[in-house]
Each structure stands twice: as C-alpha cells, then as structure tokens.
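Asker: Here UniProt numbering is used: the first residue of the sequence shown is 1, the next is one more, and so on. Glycine included, C-beta positions come from ideal geometry on N, C-alpha and C. All values derive from a computational prediction rather than experimental measurement. The structure is given below, and queries will be raised subsequently.
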Amino acid sequence: MADKPKWVRWEDVKAKRPTTPEEREEARRANEAEVAAWRLAEIRREQRRTQAQIAEAMGVGQRRVSDIESAALLRTEVSTIDSYVAALGGRLRLIAEFGDQVIPLR
Numbered sequence: 001m002a003d004k005p006k007w008v009r010w011e012d013v014k015a016k017r018p019t020t021p022e023e024r025e026e027a028r029r030a031n032e033a034e035v036a037a038w039r040l041a042e043i044r045r046e047q048r049r050t051q052a053q054i055a056e057a058m059g060v061g062q063r064r065v066s067d068i069e070s071a072a073l074l075r076t077e078v079s080t081i082d083s084y085v086a087a088l089g090g091r092l093r094l095i096a097e098f099g100d101q102v103i104p105l106r
C-alpha cells in the first residue's frame, strides 16, 4: 500500500517564510545563488563535461564541484569560483557598486 501524501498546513508555511527585511534579503540572496549555481552547472552540462573533469582541471575533488553547483556560492571563496569558471573556459568578473560608482575588483 502506498504511503499517504504528507500535507503541509498553510499556517506552517507562513510561519517559516521570511518576515523581516533582513530575512527577506537573505532569502533573496540565497535564491540568486541557487539560480547562479544552476546556470553554471547547466553550462558544464552543455559542454558535455562531468563534475570530475571540472574538478581535475581545478585541482580539487569532485565533491567541491558538487558543492559549488549546489548553491554553495555564498560560502565559496572567490578564488574557487574563479577556478571553476576558468575550468569551463570563462572569465570571472567581480565588481563593487556604491550607488552610481562601479569599481571593478577583478
């Protein structure tokens, strides 16, 4: 016999959603990181390359590439992301924005 579907109460969902501006900003940043990680993984798949191949080009283990592609971008050092992008044949650009001032950092 199949398990019954597990229903989630709307009240429980509402209770977990971000409510403060800081929580909403953190949720937005986490969502952006997840989308960026998915897009990077999609580029790798379009190139018909495996995580192991990218890891070898970066000089790291396959697990590290998996972490990067699993939305760990917010917790990943810039040099690691730079290596990942370079292994895909790309170039990482890093900028700081202060209102109308844009400062290239890399």
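Please give the ranges of any alpha helix (DSSP H) in the segment 38-82, keeping only runs that are unbroken, at least 4 residues long and fully inside the region.
Answerer: DSSP runs (the alpha helix (DSSP H)) wholly in the segment 38-82: 51-58 and 62-69.
Asker: Hey, would you say Ser70 sits closer than 7 Å to Gln51, going by beta carbons?
Answerer: In the sequence shown, counting from the first residue as 1, residue 70 sits at position 70. In the sequence shown, counting from the first residue as 1, residue 51 sits at position 51. Contact: no.
Asker: Quick check: what's the CA-CA separation for Val8 versus Arg17?
Answerer: Stepping through the sequence shown from its first residue, residue 8 is reached at position 8. Stepping through the sequence shown from its first residue, residue 17 is reached at position 17. The alpha-carbon atoms of Val8 and Arg17 are separated by roughly 14 Å.
Asker: Answer yes or no: do Val85 and Ile95 have a C-beta to C-beta separation smaller than 7 Å?
Answerer: Position 85 of the sequence shown holds residue 85. Position 95 of the sequence shown holds residue 95. Going by C-beta atoms, Val85 is not nearer than 7 Å to Ile95.
Asker: To the nearest angstrom, how far is it from the Cα of residue 116 to the Cα of Glu26?
Answerer: Shown here, the chain extends from 1 to 106; a query on residue 116 therefore has no answer.
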